[in-house]
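The next block holds one structure in the form of structure tokens; read it before the comments.
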Amino acid sequence: MAPAPRVGHAGRVKIATYNVNGINGRLAGLLAWLADARPDVVCLQELKAPTDRFPEAALVQAGYGAVWHGQSRWNGVAILARGSDPVLTRRGLPGDPDPAQSRYIEAAVGGILVASLYLPNGNPLPGPKFDYKLAWFETFAVHAAGLFASGLPVVLAGDYNVIPTDFDVASPRSVAGNALIQPESRAAFARVLAQGWTDALRTLNPDKPMFTFWDYFRNAFARDAGMRLDHLLLSAGLAARLRAAGVDRAVRAAEGSSDHAPAWIELD
DNA sequence: ATGTCAGGTCATACCTGA
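Following the working numbering, the residues of the first sequence are numbered contiguously, the last one being 268.
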């Protein structure tokens, strides 16, 4: 018998972001988490599936409508909505320096504009991958500025592949040469925040690391050698409605898990 | 430097990206 789903707070909307690292290979774990956590909206990254191999039927069976932007082998993003179909507003980041990479999708769900993004990792550096990361970040920042200025209720959720501060990683020294922690990467993230966005997990949890990623290497999860890479940025109107935020670490602990855990928020 | 995943193919072993 399946465990009874947790009952959500009445009148709240729960929005999650999860780098699933292969939606077909890890579908069973994704469905188990959806049944247990019952998020209303889910932003997924690293589908690692072409558009025609997205497991739509299984998600519909689980009660979720979906829009997605697939790509063979790598990347791929999606937005799920419990009990409704997300209304697609944009597939692909406008002006993406490499439009062949599926890293951005945007949809309206229940009166909120939701973006699911997968920012380039950027390793190794220096080199074209790090250049692409920074170029993508700048392009995204332009789009984000327009969204913030619109005054619409917006959440920008996804794997930003940025460790915002030294508090967001177990051992800053061990990743000193990594693209995730370079001053240029952090400055780009800070510039987006400075537009007025609220970093939901950090705002409600100022004293906890709130890691969302643990490497498969060197037993990182057991040592809690993690990083906070997955972020939910809220527009001004939504920030005023923020009531709860967390990370479902148990999902990362499961056999065959993604190297990320879902991060979530609840809005009034 | 180390080492572990997934998905793909000049496929049952090796490659890339992370």
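From the three backbone atoms N, C-alpha and C, an ideal C-beta is built for every residue, glycine too.
- Taking ALA108 as the reference, which of GLN61, ALA66 and ASP259 has the closest Cα? Shortest Cα-Cα distance from ALA108 to any of GLN61, ALA66 and ASP259 involves ALA66.
- Task: Using a threshold of 8 Å, state whether the C-beta atoms of GLN195 and PHE140 are closer than that.
- Result: No, Cβ-Cβ distance for GLN195 and PHE140 is not below 8 Å.
- Residues that DSSP places opposite ARG90 in a beta bridge: In DSSP, ARG90 forms a bridge with GLU106.
- Any idea if HIS9 is buried or exposed, counting beta-carbon neighbours within 10 angstroms, 16 or more meaning buried? Counting other Cβ atoms within 10 Å of its Cβ, HIS9 stays below 16 and is therefore classed as exposed.
- Among TYR160, SER174, THR203 and LYS48, nearest to ARG243 - alpha-carbon criterion: Distance from the Cα of ARG243 is smallest, within the candidate group TYR160, SER174, THR203 and LYS48, for THR203.
- Just mark VAL142 as buried or exposed, buried being the case when its beta carbon has 16 or more other beta carbons within 10 Å. Around the CB of VAL142, fewer than 16 other CB atoms lie within 10 Å, so the residue is classed as exposed.
- ALA2 classed as buried or exposed, judged by whether at least 16 other C-beta atoms fall within 10 angstroms: In this predicted model, ALA2 has a pLDDT of only 48, less than 50, meaning its place in the structure is not dependable enough to derive any value.
- Counting Cβ pairs closer than 8 Å, one from the segment 208-223 and one from the segment 122-137, do we hit at least three? Because the criterion of three Cβ pairs below 8 Å is not met, the segment 208-223 and the segment 122-137 do not touch.
- In whole angstroms, what is the alpha-carbon distance linking LEU59 and GLY177? Going by the C-alpha atoms only, they are around 39 Å apart.
- Item | Limits of the unbroken alpha helix (DSSP H) element including VAL142 | From DSSP, the alpha helix (DSSP H) with VAL142 extends over 128-150.
- Query: Excluding five sequence neighbours on each side, which residues of the same chain lie with their C-beta closer than 6 Å to the C-beta of PHE137?
  - Reply: Excluding residues within five positions, the ones whose Cβ falls inside 6 Å are ALA188.
- Take PRO262 as the anchor and find which of ASN19, ARG12 and GLY11 has the nearest alpha-carbon. Of the candidates ASN19, ARG12 and GLY11, the one whose C-alpha sits nearest the C-alpha of PRO262 is ASN19.
- Quick one: Cα of GLU56 to Cα of HIS260, how far? Straight through space, the alpha carbons of HIS260 and GLU56 are spaced by roughly 22 Å.
- Contact between the segment 25-35 and the segment 104-120: three or more CB pairs below 8 Å? Because the criterion of three Cβ pairs below 8 Å is not met, the segment 25-35 and the segment 104-120 do not touch.
- Message: Helix, strand or coil, according to DSSP, for ASN75 in the structure here?
- Response: Residue state, collapsed to three classes: coil.
- Identify which residue in LEU234, ILE15, ARG90 and ALA49 has its Cα closest to the Cα of LEU152. With respect to the C-alpha of LEU152, the residue from LEU234, ILE15, ARG90 and ALA49 having the closest C-alpha is LEU234.
- Query: Just curious, the alpha helix (DSSP H) that GLY246 is in, first and last residue?
  - Reply: Counting along the chain, GLY246 falls outside any alpha helix (DSSP H), though it belongs to the beta strand (DSSP E) covering 242-247.
- Message: Among GLY29, ASN21, VAL41 and ALA28, whose alpha-carbon lies nearest the alpha-carbon of LEU47?
- Response: The option with the nearest alpha carbon to LEU47 is ASN21.
- Given VAL169 as reference, the closest of ASP159, LEU119 and ARG228 once Cα atoms are compared: Relative to VAL169, the option among ASP159, LEU119 and ARG228 whose CA is nearest is ARG228.
- Work out the CA separation of HIS231 and ILE15 for me, nearest whole Å. If you take the alpha carbons of ILE15 and HIS231, they lie about 11 Å apart.
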